[in-house]
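I have placed the structure first, in the form of structure tokens, so that the comments after it can refer back to it.
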Amino acid sequence: MDNNKFMRSVRLKESACQGCINCIKHCPTQAIRVHNGKAHIIDKFCIDCGRCIRYCPHHAKIAVYDPLSVINNFKYTVALPAPSLYAQYNNLFNVDIVLNALLKLGFDDVYEVSAAAELVSEASREYIKEHIEEAPFISSACPSVIRLIRVKFPSLISRLLPIKAPVEVAAEIARARAMRKTGLKSEEIGIIFISPCPSKVSYAKSPLGIEKSNIDNVVAIKDVYPLLLPHMRHDESQLIPLSRSGRIGIGWSNAGGEVAGLLADNYLAADGIVNILRVLEELEDEKLHGLTFVELSACSGGCVGGTLTVENAYIAATKTKRLVKYQPVSKNHLADNPEVTDLHWADNVEYEPVFRLGNTFKESLKMMSDVEDLTARFPGLDCGSCGAPTCQTLAEDIVRGDATPNDCIYVFRANIADLSRKIEDLTVNRKNDQIFSAGDSELLGSYIRTLTAELASFGVPAHARKEVSDKDET
Amino acid sequence: MSEQLTFTYSIDGDDFTRAGEASSSVKNKLKMLGVSSEAIRKVAIAMYEGEINMVIHADGGTIDVSVSDDDITMVLADKGPGIPDIDKAMQEGYSTAREEVRSLGFGAGMGLPNMKRFTDEMQIDTVLGEGTTITMKVHL
């Protein structure tokens, strides 16, 4: 669906927004503008990476996700805990403690995403082996990475590993097992992912690579984390054995975890949106040689660094390593999972040229020429006062019709100074008793009216004056 | 009359870490124009190789990139030592790069051959002791 294509889960809480420029400066896809003293996220540019959530000093960027009460909407629910959930807890050496607590919290069953991750690792190994001549492949587990490539790196789309993300495979298996076990209909069963990031929230509603996700709802690790604590203080001998993942599966929560599961040597694993942008640029320019696989996570530290987690990403990463230290390498194999019919993507990811200036090449060329001319008029300070992250982006916004040159405080000041000088010229060399001629008087009036109008419209682009501003999207 | 747009870049000599900035900037502009990824790829690779060459051999120079309806033209002009034997320079694996440059992974002798391979037209004008101008075209 077209209007769903750019669905995002990072939103603005307008009441908290102070109109500062911190978010526009940190957004890796330049998807945010500040107009009328409030930030606006441009849907088609946003890749849901959550970087603005981290950088907003006023907590005006928020992630939307489902409340835990969604478990009441179904007859039977299965929790899909992300492996990063385990890394939130101190001194956890037995995953069953967390999984049993999820049952006590109200879920009917659990299926670990890390178990499915081991199947994805196996399928990835096979796929890469069979298609080695097309390497390097880029991991497709992080939805923000796919969305970034989809809008900015068209030539790398074909390098995306066309295999479903672990959470999707987990959802598929969990649904099939729940239906078989309970005899309930698919819609009576709730498959609920406990997620480290908002990017997966958007994924569940508007997936890439497949038509419809098997995930019904996505709740936040930070919501579930404290609720599990009271259910975790029990005699370990009473625990139901539920855990079924090994070192590879749980390790997926950390940066470098996915490549570890590939058992390959020629790989690159980068984390953090700024770092992955650099890697993608270099991949696009074919500056990186000899690679089989490129793992990219939008969050620093990997999924443990997601904005819906509680623990410091690097401490969480260490905890994951400690947790899996004595685990077998892998406990899940495709041959033992008949529920999984196909792990491969059904749909192709299509390039979305959202940054293209015009509709045709000719139009774009003309617009780009205007962008160059405008950019040359601006001071090049990239101060952000206009509400766009750089002088160049302001020029692009103007050419697209979303801003005016007067939004630049320097252009504006020059215009005001010019008007002021004209007024001065009219009035200064005049004797006190001399009255204005009708023409001069009209000219003076027009200068002052322009001055007033320019001052009044400063910072308010024409379209924004008419447009109803974003309400709190919560 | 077809519309034409030119971007000019000045390339610093002896700064490998910054080589690639110009090609990266051009790449982003071409994406905004809606140029096909295949053409962008050719331009980016050819231009990057040219940039590196200018840094290694000529202490920098300037690159003009012109975009028109029909093609993208890159003119790389430097005031370097010039190329004594173009045929030799065009051979894969032939390089006159200094040892310290090679130790950085450059100077594999693939620069000019790659520039030729990734463009549809290429012309080298060189005068010993005065400099080299390379004109490359990628058809759209």
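Residue numbers (our numbering), protein chains in the order written: chain A, 417 to 890; chain B, 26 to 165. All residues carry an ideal CB built from backbone N, CA and C; glycine is no exception.
1) Between which two residues does the beta strand (DSSP E) holding N633 (chain A) run?
2) Measure the C-alpha to C-alpha separation of L484 (chain A) and N53 (chain B) and round it to an integer number of angstroms.
3) Rounded to a whole number of angstroms, what is the C-alpha to C-alpha distance between R449 (chain A) and F874 (chain A)?
4) Just the C-alpha distance for G156 (chain B) and A869 (chain A), rounded to the nearest angstrom, thanks.
5) Just the Cα atoms here: how many angstroms apart are H749 (chain A) and L696 (chain A)?
6) Tell me, please, whether the CB atom of V24 (chain B) is closer than 8 Å to any CB atom in chain A?
7) Is R566 (chain A) helix, strand or coil when you go by DSSP?
8) Using three-state DSSP, classify F461 (chain A) as helix, strand or coil.
9) Using a C-beta cutoff of 8 Å, does K56 (chain B) count as contacting chain A?
10) Nearest to S611 (chain A) by alpha carbon, out of A:K735, A:Y502, A:D834?
11) Report the three-state DSSP secondary structure of A479 (chain A) (helix, strand or coil).
12) Could one say the Cβ of L153 (chain B) lies closer than 8 Å to chain A's Cβ atoms, at least one of them?
13) For P623 (chain A) and T598 (chain A), what's the separation of their Cα atoms in angstroms?
14) To the nearest angstrom, how far is it from the Cα of K460 (chain A) to the Cα of E603 (chain A)?
15) Can you list, in chain order, the residues of its chain with a C-beta nearer than 7 Å to that of K638 (chain A)? Leave out the 5 residues immediately preceding and following it.
16) Do the segment 514 to 533 of chain A and the segment 576 to 584 of chain A touch if we need at least three Cβ pairs shorter than 8 Å?
17) Going by DSSP in three states, V60 (chain B) sits in which element: helix, strand or coil?
18) May I ask which residues mark the beginning and end of the alpha helix (DSSP H) holding D89 (chain B)?
19) Under the DSSP definition of a beta bridge, which residues are partnered with M147 (chain B)?
20) For R772 (chain A) and chain B, any beta-carbon pair shorter than 8 Å?
21) Measure the C-alpha to C-alpha separation of M423 (chain A) and D110 (chain B) and round it to an integer number of angstroms.
22) Tell me which residues share the same chain as D145 (chain B) and place their Cβ nearer than 7 Å to its Cβ, disregarding the 5 neighbours each side in the sequence.
23) I believe I17 (chain B) touches G75 (chain B) by the beta-carbon criterion, under 8 Å. Please report the beta-carbon distance rounded to the nearest angstrom.
24) If you measure between the beta carbons of G85 (chain B) and I36 (chain B), is that distance less than 8 Å?
25) Roughly how many whole angstroms lie between the Cα atoms of N438 (chain A) and Y742 (chain A)?
26) Taking 8 Å as the threshold (C-beta atoms), are C465 (chain A) and A714 (chain A) in contact?
27) Where DSSP assigns a beta bridge to V100 (chain B), which residues make up the other side?
28) What three-state label does DSSP hand P138 (chain B) in the structure shown?
29) Going by DSSP in three states, L678 (chain A) sits in which element: helix, strand or coil?
30) What's the gap between the Cα of T33 (chain B) and the Cα of D39 (chain B)?
31) From I608 (chain A) to N78 (chain B), what does the alpha carbon distance come to, in whole angstroms?
32) Identify whether P497 (chain A) lies in helix, strand or coil by the three-state DSSP scheme.
33) Count the other CB atoms, across all protein chains shown, that sit within 10 Å of the CB of E766 (chain A); report buried if there are 16 or more and exposed otherwise.
34) Less than 8 Å between CB atoms is the rule here; does Y34 (chain B) satisfy it with respect to chain C?
35) Rounded to whole angstroms, what is the Cα-Cα separation between R591 (chain A) and F490 (chain A)?
36) Taking I97 (chain B) as the reference, give the member of B:G132, B:E117, B:V68 with the closest Cα.
Short version:
1) That run of the beta strand (DSSP E) goes 633 to 636.
2) Straight-line Cα distance between these residues: approximately 43 Å.
3) Rounded to the nearest angstrom, the two C-alpha atoms are 15 Å apart.
4) The alpha-carbon of G156 (chain B) is positioned some 55 Å away from that of A869 (chain A).
5) The straight-line gap from Cα to Cα measures roughly 32 Å.
6) Absent from the model: residue 24 (chain B). The displayed extent of chain B is 26 to 165, so no value can be given.
7) In the three-state scheme derived from DSSP, where H, G and I count as helix and E and B as strand, R566 (chain A) is classed as helix.
8) Of the three classes helix, strand and coil, the one that applies to F461 (chain A) here is coil, per DSSP.
9) For K56 (chain B), the nearest beta carbon of chain A is closer than 8 Å to its own beta carbon.
10) For the residues A:K735, A:Y502, A:D834, the minimum Cα distance to S611 (chain A) belongs to A:Y502.
11) Note: A479 (chain A) maps to strand in three-state DSSP.
12) Chain A contact via Cβ: absent.
13) One C-alpha to the other measures close to 27 Å.
14) C-alpha separation (whole angstroms): 31 Å.
15) Counting only residues of its own chain and dropping the five nearest sequence neighbours on each side, K638 (chain A) has a CB closer than 7 Å to the CB of L724, T725, V726.
16) Short answer: they touch.
17) For V60 (chain B), the three-state secondary structure derived from DSSP is coil.
18) Taken as a continuous stretch (DSSP letters only), D89 (chain B) belongs to no alpha helix (DSSP H), being part of the beta strand (DSSP E) at 85 to 93.
19) Partner(s): B:M161.
20) Chain B has a Cβ within less than 8 Å of the Cβ of R772 (chain A).
21) Just so you know, the alpha carbons of M423 (chain A) and D110 (chain B) end up roughly 57 Å apart.
22) Contacts found: K162, V163, H164.
23) Here chain B comprises residues numbered 26 to 165, so residue 17 (chain B) is not present and cannot be evaluated.
24) In this structure, I36 (chain B) lies closer than 8 Å to G85 (chain B) by Cβ.
25) Those two C-alpha atoms are separated by around 44 Å.
26) A Cβ-Cβ contact shorter than 8 Å links A714 (chain A) with C465 (chain A).
27) Looking at the DSSP assignment, V100 (chain B) forms a beta bridge with B:D89, B:T160.
28) Helix.
29) Looking at L678 (chain A) - three-state DSSP - the assignment turns out to be coil, as it is neither helix nor strand.
30) Going from the Cα of T33 (chain B) to the Cα of D39 (chain B) covers about 19 Å.
31) For the pair I608 (chain A) and N78 (chain B), the Cα-to-Cα distance works out to about 55 Å.
32) Here P497 (chain A) sits in strand by DSSP.
33) It is exposed - the Cβ of E766 (chain A) has fewer than 16 other Cβ atoms within 10 Å.
34) No chain C appears in the structure shown, which is made up of the protein chains A and B.
35) In this structure, the straight-line span from the alpha carbon of R591 (chain A) to that of F490 (chain A) is close to 13 Å.
36) Out of B:G132, B:E117, B:V68, B:V68 has the C-alpha closest to the C-alpha of I97 (chain B).
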